[in-house]
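With the working numbering, letter number 146 in the sequence shown gets 884, and the count goes up by one each step, no holes. Glycine residues also receive a C-beta, built at the ideal position from the N, C-alpha and C atoms.
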Amino acid sequence: MKRLCMTILLSLISASIAAAKEDAGSVPTGCKIIGLVHFYTNDYKIVGHTKREIDALVPKLKKLGKRKLVKIEGRWAYDNNREEYIVNSFYLAKEVRLYLLMKHHLRLDLYIGAMDDKILSGNRHVVRIVLYPNELSEEIIDSTSDMAGQNTGAP
Numbered sequence: 739m740k741r742l743c744m745t746i747l748l749s750l751i752s753a754s755i756a757a758a759k760e761d762a763g764s765v766p767t768g769c770k771i772i773g774l775v776h777f778y779t780n781d782y783k784i785v786g787h788t789k790r791e792i793d794a795l796v797p798k799l800k801k802l803g804k805r806k807l808v809k810i811e812g813r814w815a816y817d818n819n820r821e822e823y824i825v826n827s828f829y830l831a832k833e834v835r836l837y838l839l840m841k842h843h844l845r846l847d848l849y850i851g852a853m854d855d856k857i858l859s860g861n862r863h864v865v866r867i868v869l870y871p872n873e874l875s876e877e878i879i880d881s882t883s884d885m886a887g888q889n890t891g892a893p
């Protein structure tokens, strides 16, 4: 139940951030971007340069230790259809998650999502790996709400 609540909370925070800002690297206060993984082909396969980028992030991820919340956010660059964009973005994130779990046997809570950050990835498929604090405080939730309010003009 706790894991489900955390998944829902992370999804809500991500949705409000995506709606709030489209600047490079915008994550909630208290979160840290671990790294980016670029896909240079028009599919989900992890090969060549993409594989090396993921492998280079593994030492950082292993240093985090167990019981850390890590979100893997995919962004598919080429779909004009919003539904296909979201599905393809999730597939990118899913492939990176599976690669990390199967090849590197990471023991982290790895969640996936779709990233809506056009400036960050430009015209490429990209995955961003973000570390969330173990306990999401009211300050983090409030900061994402404030960012959403600034963008929409809400009080």
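The alpha helix (DSSP H) spanning residue i covers which residue range?
i	result
Lys789	Gly786 to Lys801
Arg835	Arg820 to His842
Could you give the DSSP three-state label for residue i: helix, strand or coil?
i	result
Lys770	strand
Ala815	coil
Lys806	coil
Looking at the unbroken beta strand (DSSP E) that takes in residue i, where does it start and where does it end?
i	result
Arg866	His863 to Tyr870
Asp847	Asp847 to Ala852
When we look at the beta-carbon of residue i and count the other beta-carbons within 10 Å, is it buried (16 or more) or exposed?
i	result
Asn780	exposed
Pro766	buried
Arg866	buried
Gly803	exposed
Arg813	buried
His787	exposed
Met853	buried
Leu839	exposed
If we call anything under 7 Å between Cβ atoms a contact, is residue i one with residue j?
i	j	result
Tyr782	Glu821	no
Lys800	Leu869	no
Val775	Ile792	yes
His863	Leu836	no
Using DSSP bridges, identify the partner residues of residue i.
i	result
Val775	Val865
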